[in-house]
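Undergrad:
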């Protein structure tokens, strides 16, 4: 009887190897050198693998840092009928999409040219839920921790402005899109701002890493969560569960 389970995948020194047919999850398929090894993308890949298994499909995972690499097109495995691009785009994405001989769907990548199918988070609605949650708690002074300079972050920043205005709340100066670098650096920059009298009482974050930075900064500033400050993250990553007082998280 033919084995219709998922195809085992691993990333080796040559970039890719495909093992025998066996059930596989993204955690087993992606090693630490693969750029999608964080749990946000791992959950996306797990969902892709699970859906393929329902339809007796198979997957070949090809990591790449450069869409301009002609080997991406030349190296398409025989029998590949479509490509899901997961992760972050790059300046050569347009050329790759125009030259790819099979259908492409972008996953959590916003293509502003709208020339290809794409599946992404409802950034407008998600941030709207976060702002509404803070407003329901009684907060009227709100801030936002931004994320990487990608279209999804820009959508979330615009959504934050809109929903704050819609609900009649306000944004203190400098808190419309507080820049995010990494957890430690963002926490260090936030700490003195949280000690100021005009700080917001509720903070939305464009990702859960930003929320963790706020929690660290609040602790350094002597603020209690949630008595003195409420925090809402975004993406529902595993890291949000690693603190004793986790932020509310919008998925």
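Numbering (the working numbering), first residue to last: 53 to 303. A virtual CB, placed ideally from N, CA and C, is assigned to each residue, including glycine.
1. Quick one: is residue 145 buried, meaning 16 or more other Cβ sit within 10 Å of its Cβ, or exposed?
2. My output table needs one value for residue 282: the three-state DSSP class, helix, strand or coil.
3. How about residue 223 and residue 195: are their beta carbons less than 9 Å apart?
4. Nearest-angstrom Cα distance between residue 290 and residue 91?
5. What's the gap between the Cα of residue 274 and the Cα of residue 200?
6. Considering only the beta carbon of each residue, do residue 237 and residue 211 sit closer than 9 Å?
7. For residue 171, does the count of other Cβ atoms within 10 angstroms reach 16, so buried, or fall short, so exposed?
8. How would you call residue 79, buried or exposed, if buried means at least 16 neighbouring beta carbons within 10 angstroms?
9. What's the C-alpha gap between residue 282 and residue 215?
10. Determine the extent of the beta strand (DSSP E) in which residue 170 is found, giving its start and end residues.
11. Would you check if the distance between the CB atom of residue 240 and the CB atom of residue 261 is smaller than 9 Å?
12. With DSSP run on the structure shown, which of helix, strand or coil describes residue 277?
13. Taking residue 218 as the reference, which of 243, 230, 258, 187 has the closest Cα?
14. Just grab the DSSP bridge partners of residue 149 for me.
15. Which residues in the same chain have their Cβ closer than 6 Å to the Cβ of residue 276, if we skip the five residues on either side of it in sequence?
16. Using 10 angstroms around the beta-carbon of residue 178, count the other beta-carbons present and answer buried if the total reaches 16, otherwise exposed.
17. Have a look at the DSSP bridge pairing and note the partners of residue 222.
18. By the 10 Å Cβ neighbour count, where 16 or more other Cβ atoms means buried, how is residue 267 classified, buried or exposed?
19. Can you list, in chain order, the residues of its chain with a C-beta nearer than 8 Å to that of residue 84? Leave out the 5 residues immediately preceding and following it.
20. For the alpha helix (DSSP H) that contains residue 183, what are its first and last residues?
21. Return the CA-CA distance between residue 213 and residue 169, expressed in angstroms with no decimal places.
22. According to DSSP, is residue 254 helix, strand or coil?
23. Beta strand (DSSP E) containing residue 158: first to last residue?
24. Per DSSP, what are the beta-bridge partners of residue 136 in this structure?
25. Between residue 174 and residue 197, what straight-line distance do the alpha-carbon atoms span, to the nearest angstrom?
26. Comparing C-alpha positions only, which one of 221, 157, 259 sits nearest to residue 207?
27. Find out if the Cβ-Cβ distance for the pair residue 160, residue 93 is shorter than 9 Å.
TA: So, to answer that:
1. Taking the chain shown and counting its residues from 1, one reaches residue 145 at position 93. Buried.
2. Against the chain shown, residue 282 aligns to sequence position 230. In the structure shown, the three-state DSSP call for residue 282 is strand.
3. By 1-based counting over the chain shown, the position of residue 223 is 171. By 1-based counting over the chain shown, the position of residue 195 is 143. Yes.
4. Sequence index remark: in the chain shown, residue 290 carries index 238 (1-based). Sequence index remark: in the chain shown, residue 91 carries index 39 (1-based). For residue 290 and residue 91, the distance between alpha carbons rounds to 7 Å.
5. The sequence position of residue 274 within the chain shown is 222, counting from 1. The sequence position of residue 200 within the chain shown is 148, counting from 1. If I take the Cα positions, the gap works out to 28 Å.
6. As a first step, residue 237 is located in the chain shown; it is residue number 185 there, counting from the start. As a first step, residue 211 is located in the chain shown; it is residue number 159 there, counting from the start. No, these two residues do not count as a Cβ contact at 9 Å.
7. In the chain shown, counting from the first residue as 1, residue 171 sits at position 119. Counting Cβ neighbours within 10 Å, residue 171 comes out exposed, since fewer than 16 surround it.
8. Counting from 1 along the chain shown, the entry for residue 79 is found at position 27. Confidence is the limiting factor: at residue 79 the pLDDT is only 47, short of 50, which leaves the residue's position unreliable, though a coordinate-based value still follows. Flag for residue 79 reads exposed.
9. Walking along the chain shown from the start, residue 282 turns up at place 230. Walking along the chain shown from the start, residue 215 turns up at place 163. Cα to Cα, the separation comes out at about 17 Å.
10. Indexing the chain shown from 1 puts residue 170 at position 118. Unbroken beta strand (DSSP E) run through residue 170: 169-171.
11. Taking the first residue of the chain shown as position 1, residue 240 is located at position 188. Taking the first residue of the chain shown as position 1, residue 261 is located at position 209. Against a cut-off of 9 Å, the Cβ pair of residue 261 and residue 240 comes out as no contact.
12. The count along the chain shown starts at 1 and reaches residue 277 at position 225. In the structure shown, residue 277 sits in coil (DSSP, three-state: anything other than H, G, I, E or B).
13. Residue numbering aside, residue 218 sits at position 166 when the chain shown is read from its first letter. Among 243, 230, 258, 187, the Cα nearest to that of residue 218 belongs to 187.
14. Reading the chain shown from its first residue, position 97 is the one you call residue 149. In the DSSP output, where bridge partners are listed per residue, residue 149 has none listed.
15. Residue mapping note: residue 276 aligns to position 224 of the chain shown, counting from 1. Excluding its 5 nearest sequence neighbours in each direction, residue 276 has no C-beta neighbour in its own chain below 6 Å.
16. For the purposes of this step, residue 178 is taken as residue 126 along the chain shown, with counting starting at 1. Buried, because 16 or more other Cβ atoms sit within 10 Å of the Cβ of residue 178.
17. The residue given as residue 222 occupies position 170 in the chain shown. Per DSSP, 193.
18. The sequence position of residue 267 within the chain shown is 215, counting from 1. The residue in question, residue 267, is buried, as its Cβ has 16 or more Cβ neighbours within 10 Å.
19. Counting from one through the chain shown, the residue named residue 84 turns up at place 32. Caution applies to residue 84, whose pLDDT of 40 falls short of 50 and renders its modelled position unreliable; the model cannot decide the point.
20. Looking up residue 183 in the chain shown gives position 131. Where residue 183 is concerned, the enclosing alpha helix (DSSP H) starts and stops at 175-188.
21. Along the chain shown, read from residue 1 onward, the residue named residue 213 stands at position 161. Along the chain shown, read from residue 1 onward, the residue named residue 169 stands at position 117. Cα to Cα, the separation comes out at about 28 Å.
22. Numbered from 1 along the chain shown, position 202 holds the residue referred to as residue 254. Residue 254 falls in the strand class under three-state DSSP.
23. Indexing the chain shown from 1 puts residue 158 at position 106. For residue 158, the enclosing beta strand (DSSP E) has its first and last residue at 156-159.
24. Locating residue 136 in the chain shown gives position 84, where the first residue counts as 1. 157, per the DSSP bridge assignment.
25. The count along the chain shown starts at 1 and reaches residue 174 at position 122. The count along the chain shown starts at 1 and reaches residue 197 at position 145. One alpha carbon belongs to residue 174, the other to residue 197, and they sit about 18 Å apart.
26. Start at 1 with the first residue of the chain shown, and residue 207 comes out as number 155. That would be 259, whose Cα lies nearest to the Cα of residue 207.
27. Translated into positions along the chain shown, residue 160 becomes position 108. Translated into positions along the chain shown, residue 93 becomes position 41. Yes; because the gap between Cβ atoms is below 9 Å, this pair is in contact.
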